[in-house]
Amino acid sequence: MQLSMFFQHLANAVSLGSLYALVAIGYTMVYGILRLINFAHGDLLMVAAYIVYYGRGMFHLPWPVSIVLAVALTSGTGIIVERAAYRPLRNSPRTTILISAIGVSFLVENLGLVVFGGRPQSFPLPAMFDSGSAKEIAGVRVENITFVIPAVTLLLLLALLHIVHRTKVGMAMRAVARDFDTAGLMGIDVNRIIAVTFAIGSALAAVGGIMWAMKFPQINPLMGMMPGMKCFIAAVFGGIGNILGAVIGGFLLGVAEIMIVAFLPSISGYRDAFAFVILIGTLLLRPTGLLGEKVAEKV
Amino acid sequence: MRKTRLVAIVLLLALFVPLLQGCGGQPQGQAQEEEQKPTEVHIGVYEPMTGPSASGGQMTWEGIQLANEMYPEVLGMPVKLHLEDNKTDKTEAANAVTRLIDQKKVVAIIGSYGSSLSIAGGEVAKNKKIPVVGCSPTNPLVTQDNPYYFRVCFIDPFQGKVMAKYAYDNLGARTAVIIRNVQDDYAVGLANYFKQAFIELTGDSKSILAELEYNTGDQDFTAQLTQTASLAPDVIFAPGNYGDSALMIRQARSLKITAPFLGGDTWEAPEFIEIGGADVEGATLSTHYSVQATGTDVSKEFVDAYRAKYGKEPNAFAALGYDAYLMILDAIKRANSINPEDIRDALAETRDFKGVTGTITMDENGDANKSAVILQVKNGKFEYLTTVEPF
Chain C
1 MQLSMFFQHL ANAVSLGSLY ALVAIGYTMV YGILRLINFA HGDLLMVAAY IVYYGRGMFH
61 LPWPVSIVLA VALTSGTGII VERAAYRPLR NSPRTTILIS AIGVSFLVEN LGLVVFGGRP
121 QSFPLPAMFD SGSAKEIAGV RVENITFVIP AVTLLLLLAL LHIVHRTKVG MAMRAVARDF
181 DTAGLMGIDV NRIIAVTFAI GSALAAVGGI MWAMKFPQIN PLMGMMPGMK CFIAAVFGGI
241 GNILGAVIGG FLLGVAEIMI VAFLPSISGY RDAFAFVILI GTLLLRPTGL LGEKVAEKV
Chain A
1 MRKTRLVAIV LLLALFVPLL QGCGGQPQGQ AQEEEQKPTE VHIGVYEPMT GPSASGGQMT
61 WEGIQLANEM YPEVLGMPVK LHLEDNKTDK TEAANAVTRL IDQKKVVAII GSYGSSLSIA
121 GGEVAKNKKI PVVGCSPTNP LVTQDNPYYF RVCFIDPFQG KVMAKYAYDN LGARTAVIIR
181 NVQDDYAVGL ANYFKQAFIE LTGDSKSILA ELEYNTGDQD FTAQLTQTAS LAPDVIFAPG
241 NYGDSALMIR QARSLKITAP FLGGDTWEAP EFIEIGGADV EGATLSTHYS VQATGTDVSK
301 EFVDAYRAKY GKEPNAFAAL GYDAYLMILD AIKRANSINP EDIRDALAET RDFKGVTGTI
361 TMDENGDANK SAVILQVKNG KFEYLTTVEP F
């Protein structure tokens, strides 16, 4: 393989990986605080993409307004989902909430089919992300969006780490993560903190969804399924619950997926299967993931 | 508490009542049907109304509905259409056909866009002995070993040959790369026929530089395309879903791949151009029918009615849906019966049926031997290039 071709593959991999990382952060954050895998995360991503689509296409809102609107409304959706489907089950066994999460995922997907229609739509793009605008650096072609996504991912990563470790809300989140009951006894409004966690997680999903649609400008109500799966794998691979781990997991998954096609083109059809092999391998060999904490299961 | 439980139990039992009736009532119902004269003809439709192929299914459904409005009766009875969404999913396709036959008691079925879906649905129809007319499933396996499946379109060995010949003669291509969706029977089949025909034309087994693969739902094709760029082929043959293919061509152009993209009939959807934008300019595909090709009287009637009803230009899928419906009506008339077996026999004997998309004669497999048209995207529209007769 030529060197320039290898670097092209690497650029493609970074581009894909940063997108996985962006979505995986939100996944892992909610898990880290609540020990709940929010299966509806991928579908919130779809909701955000459609809000921008309608905002731009139907109401001709400027880009910043539609993006802010999408993030705000998706956050709201996240809070509603938590209030309606997760809070009533707060004291139920964990499996019950997990099944409720799967139900929410199906509900959002099918509501999307009814409301938005099943036909894939073309996502409007700002001119700066047109395919013709790709830059060439030392023989490697890179789309403009490839520069934006890692920057956004990094920015949100830093913001999130700041919130969780340096603010009062973050301290409360960590306390809730340790123990709901004790946190409540210490005067923390557990329900409010969990709602905030969901709002932030959903906002992250919204940003991920908008970036996703800008990179792959074709949206449909089921577009969140595969990203949801892949980013869940990324989060588990990096160590679910660990925010930095999600970023690393996302990047590694992107690199692995691209490189398997690059070096073994004859099995390129098994690319998705490969991602799931990573998931199974991680669970077997290192269940807590790359950066996962080694904690004994709470009894 | 006790009251609510009682209510719950009653409700639960109520759920089973129709089920029990269904079980016990069936033989009785059948006996009644033979005595009573039927008053309606039920025709089922299973198409992807949602999912990645939704556009194709919806366009086909528009054509079928139009045909039903124009020709709402057969043998003096009104024809009632029943639509089931197969959700672009093989399992759902089989379920949809089962529902149509068991619950809606249809005597014939139309569908489905997508060969994989048709193969899955066809298995059920074959076991239940209900004839099906496919509108646009082009894989040969759809009708093979299935005496109950017919279709109004050509099949992929022909479509593959047409595109290989176009690449070789009109574009002067001597090398090609194939990128196909491995999960899609249509794409895999069509790619194979293209490969065979192209190798035959060039006389060089190495003229296909690579065969690259992806999966349904993939959105990132940069790895396959980087591979393709390094091989520098004259053309790229990439049969697949219109949405996936449009994304792929976008990514190819941003990687500065300039080779022309060729595909099959599934690309003919407005979304292909909406999603692909300026990047799909020049993309060339083979399909069943074009408004711009000189047509028959039947096609004129269809085009006028379609424009009046939907306010837009019809495409091949609407035309095929229209033809499939009318071919079933034609068979019912000739059979002078709405018994599924009689309809099947009459369908198999279809000769020189004048459809919108051409003259249809069923061969021994239930396939139509028809011409293909080649379209190219120009200025954001599908423009007609030429018609290719069977060869």
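Line order of the protein sequences matches chains C and A. According to our numbering, the stretch in the first sequence is residues 1 to 299, in order. According to our numbering, the stretch in the second sequence is residues 1 to 391, in order. Beta carbons: idealized from backbone N, C-alpha and C, even for Gly.
DSSP has residue 83 of chain A in a bridge; who is on the other side?
Your numbering for residue 83 of chain A matches position 83 in the second sequence. Residue 83 of chain A is bridged to A:45.
With burial defined as no fewer than 16 other Cβ atoms inside 10 Å of the residue's Cβ, what is the status of residue 177 of chain A: buried or exposed?
Taking the second sequence and counting its residues from 1, one reaches residue 177 of chain A at position 177. That one is buried.
Which residues, in chain order, does the stretch 245-263 of chain C contribute to contact with chain A at a C-beta distance below 9 Å?
254, 257, 258, 259, 260, 261 and 262
Sorted by chain position, which residues of the same chain lie with C-beta nearer than 7 Å to residue 224 of chain A's C-beta, five sequence neighbours on each side aside?
Against the second sequence, residue 224 of chain A aligns to sequence position 224. 179, 212 and 214.
Assuming residue 306 of chain A and residue 318 of chain A form a contact by the criterion Cβ under 8 Å, report the distance between their Cβ atoms to the nearest whole angstrom.
Here the question's residue 306 of chain A lines up with position 306 in the second sequence. Here the question's residue 318 of chain A lines up with position 318 in the second sequence. 6 Å between Cβ atoms; contact.
Under a Cβ-count criterion, where at least 16 other Cβ atoms within 10 Å of its own Cβ denotes burial, should residue 222 of chain A be classed as buried or exposed?
Residue numbering aside, residue 222 of chain A sits at position 222 when the second sequence is read from its first letter. The residue in question, residue 222 of chain A, is buried, as its Cβ has 16 or more Cβ neighbours within 10 Å.
Residues of chain C with CB under 7 Å from residue 213 of chain A, in chain order?
Counted from its first residue, the second sequence places residue 213 of chain A at position 213. Under the 7 Å cutoff, chain C gives 268 and 269.
Cβ of residue 134 of chain C less than 9 Å from any chain A Cβ?
What you label residue 134 of chain C is simply residue 134 of the first sequence in a count that begins at 1. Judged by the 9 Å Cβ criterion, residue 134 of chain C is in contact with chain A.
Determine the chain C residues that contact residue 256 of chain A at a beta-carbon separation under 8 Å, and present them in chain order.
Walking along the second sequence from the start, residue 256 of chain A turns up at place 256. Here the neighbours are 134, 136 and 141.
Can you give me the Cβ contacts of residue 268 of chain A inside the same chain, cut-off strictly under 8 Å, excluding the 5 residues immediately before and after it?
The residue you call residue 268 of chain A lines up with position 268 of the second sequence. Excluding sequence neighbours, residue 268 of chain A sits near 242, 285, 287, 315, 316, 317, 375 and 382.
Below 8 Å CB to CB, which residues in the same chain sit around residue 52 of chain A once its five sequence neighbours on both sides are set aside?
Here residue 52 of chain A refers to the residue found at position 52 when the second sequence is read from its first residue. Closer than 8 Å at Cβ, skipping near neighbours: 88, 216, 217, 241, 243 and 244.
Tell me the start and end of each unbroken alpha helix (DSSP H) in the stretch 287-344 of chain A that is at least 4 residues and wholly inside, in chain order.
297-310 and 316-335
My understanding is that residue 322 of chain A touches residue 356 of chain A, with C-beta atoms under 8 Å, so please give their C-beta distance in whole angstroms.
As a position in the second sequence, residue 322 of chain A is number 322, starting the count at 1. As a position in the second sequence, residue 356 of chain A is number 356, starting the count at 1. About 6 Å separates the two Cβ atoms, so the contact holds.
Taking the alpha helix (DSSP H) that residue 114 of chain C belongs to, which residues open and close that run?
Along the first sequence, read from residue 1 onward, the residue named residue 114 of chain C stands at position 114. Here the alpha helix (DSSP H) through residue 114 of chain C covers 94-116.
In whole angstroms, what separates the C-alpha of residue 345 of chain A from that of residue 334 of chain A?
Along the second sequence, read from residue 1 onward, the residue named residue 345 of chain A stands at position 345. Along the second sequence, read from residue 1 onward, the residue named residue 334 of chain A stands at position 334. Their Cα atoms are separated by approximately 10 Å.
Using a Cβ cut-off of 9 Å (strictly closer), state whether residue 64 of chain A contacts chain C.
As a first step, residue 64 of chain A is located in the second sequence; it is residue number 64 there, counting from the start. It does not: the Cβ of residue 64 of chain A has no partner Cβ on chain C nearer than 9 Å.
Please report whether the beta-carbon of residue 272 of chain C lies at a distance below 9 Å from any beta-carbon of chain A.
Translated into the one-based positions of the first sequence, residue 272 of chain C becomes position 272. So yes, residue 272 of chain C belongs to the interface.
With respect to the beta strand (DSSP E) encompassing residue 148 of chain A, which residues constitute its N-terminal and C-terminal limits?
Counting from 1 along the second sequence, the entry for residue 148 of chain A is found at position 148. That residue, residue 148 of chain A, is in no beta strand (DSSP E); it is neither H nor E in DSSP.
Using the beta-carbon count (16 or more within 10 Å), is residue 336 of chain A buried or exposed?
For the purposes of this step, residue 336 of chain A is taken as residue 336 along the second sequence, with counting starting at 1. With fewer than 16 Cβ atoms within 10 Å of its Cβ, residue 336 of chain A is classed as exposed.
Evaluate residue 370 of chain C with the Cβ neighbour count: other Cβ atoms within 10 Å of its Cβ, from every protein chain shown; 16 or more gives buried, anything less gives exposed.
Chain C is shown from 1 up to 299; residue 370 of chain C falls before or after that span and cannot be answered.
Could you tell me which chain C residues have their CB closer than 9 Å to the CB of residue 275 of chain A, listed as they occur along the chain?
Taking the first residue of the second sequence as 1, we reach residue 275 of chain A at position 275. The answer, in chain order, is 120, 121, 122, 123, 217 and 218.
Figure out for me which residue from A:132, A:193, A:326 and A:298 has the closest Cα to the Cα of residue 94 of chain A.
Here residue 94 of chain A corresponds to residue number 94 of the second sequence, with the count starting at 1. Measuring from the Cα of residue 94 of chain A, the nearest candidate turns out to be A:132.
Does residue 208 of chain C have its Cβ less than 9 Å from a Cβ in chain A?
For the purposes of this step, residue 208 of chain C is taken as residue 208 along the first sequence, with counting starting at 1. So no, residue 208 of chain C is outside the interface.
Do residue 164 of chain A and residue 200 of chain A have their CB atoms nearer than 9 Å?
Taking the first residue of the second sequence as 1, we reach residue 164 of chain A at position 164. Taking the first residue of the second sequence as 1, we reach residue 200 of chain A at position 200. Cβ distance < 9 Å, so residue 164 of chain A and residue 200 of chain A count as in contact.
Assuming contact is defined by CB atoms lying nearer than 9 Å, are residue 24 of chain C and residue 250 of chain C in contact in what I supplied?
Within the first sequence, numbered from 1, the residue matching residue 24 of chain C stands at position 24. Within the first sequence, numbered from 1, the residue matching residue 250 of chain C stands at position 250. Against a cut-off of 9 Å, the Cβ pair of residue 250 of chain C and residue 24 of chain C comes out as a contact.
For residue 133 of chain C, which residues from the same chain have a beta carbon less than 7 Å from its beta carbon, with the 5 sequence-adjacent residues on both sides left out?
Working through the first sequence from its first residue, we reach residue 133 of chain C at position 133. Excluding positions up to five away in sequence, the list reads 144.
Can you tell me whether DSSP reads residue 350 of chain A as helix, strand or coil?
If you number the second sequence from 1, residue 350 of chain A lands on position 350. Three-state DSSP puts residue 350 of chain A in coil, outside helix and strand.
Can you list, in chain order, the residues of its chain whose CB lies under 7 Å from that of residue 140 of chain C, leaving out five sequence neighbours each side?
The count along the first sequence starts at 1 and reaches residue 140 of chain C at position 140. Excluding positions up to five away in sequence, the list reads 4, 7, 8 and 11.
Thinking just about the alpha-carbon of each residue, which of C:36, C:48 and C:79 is nearest to the one in residue 210 of chain C?
Numbered from its first residue, the first sequence carries residue 210 of chain C at position 210. Of the listed residues, the one whose Cα sits closest to residue 210 of chain C is C:48.
Backbone secondary structure at residue 135 of chain C - three-state DSSP
As a working note, residue 135 of chain C is residue 135 in the first sequence. Correct three-state label for residue 135 of chain C: strand.
Opposite residue 121 of chain C in the DSSP bridges: which residues?
Indexing the first sequence from 1 puts residue 121 of chain C at position 121. Answer is C:219.
Any beta carbon from chain C within less than 9 Å of residue 51 of chain A's own beta carbon?
Residue 51 of chain A sits at position 51 when you count from the first residue of the second sequence. Closer than 9 Å to some Cβ of chain C, the Cβ of residue 51 of chain A qualifies, so yes.
What's the gap between the Cα of residue 116 of chain A and the Cα of residue 185 of chain A?
Position 116 of the second sequence, counting from 1, holds the residue named residue 116 of chain A. Position 185 of the second sequence, counting from 1, holds the residue named residue 185 of chain A. Taking the straight line from one Cα to the other gives about 5 Å.
Here's the rule I'm using: 16 or more other beta-carbon atoms within 10 Å means buried, otherwise exposed. How should residue 363 of chain A be labelled?
Start at 1 with the first residue of the second sequence, and residue 363 of chain A comes out as number 363. So residue 363 of chain A counts as exposed.
Run the CB neighbour count on residue 372 of chain A, radius 10 Å, all protein chains shown included, and call it buried at 16 or more, exposed below.
Position 372 of the second sequence, counting from 1, holds the residue named residue 372 of chain A. By the neighbour-count rule (16 or more Cβ atoms within 10 Å), residue 372 of chain A is buried.
Under a three-way DSSP split, which group does residue 77 of chain A fall into?
The residue given as residue 77 of chain A occupies position 77 in the second sequence. Three-state result, residue 77 of chain A: strand.
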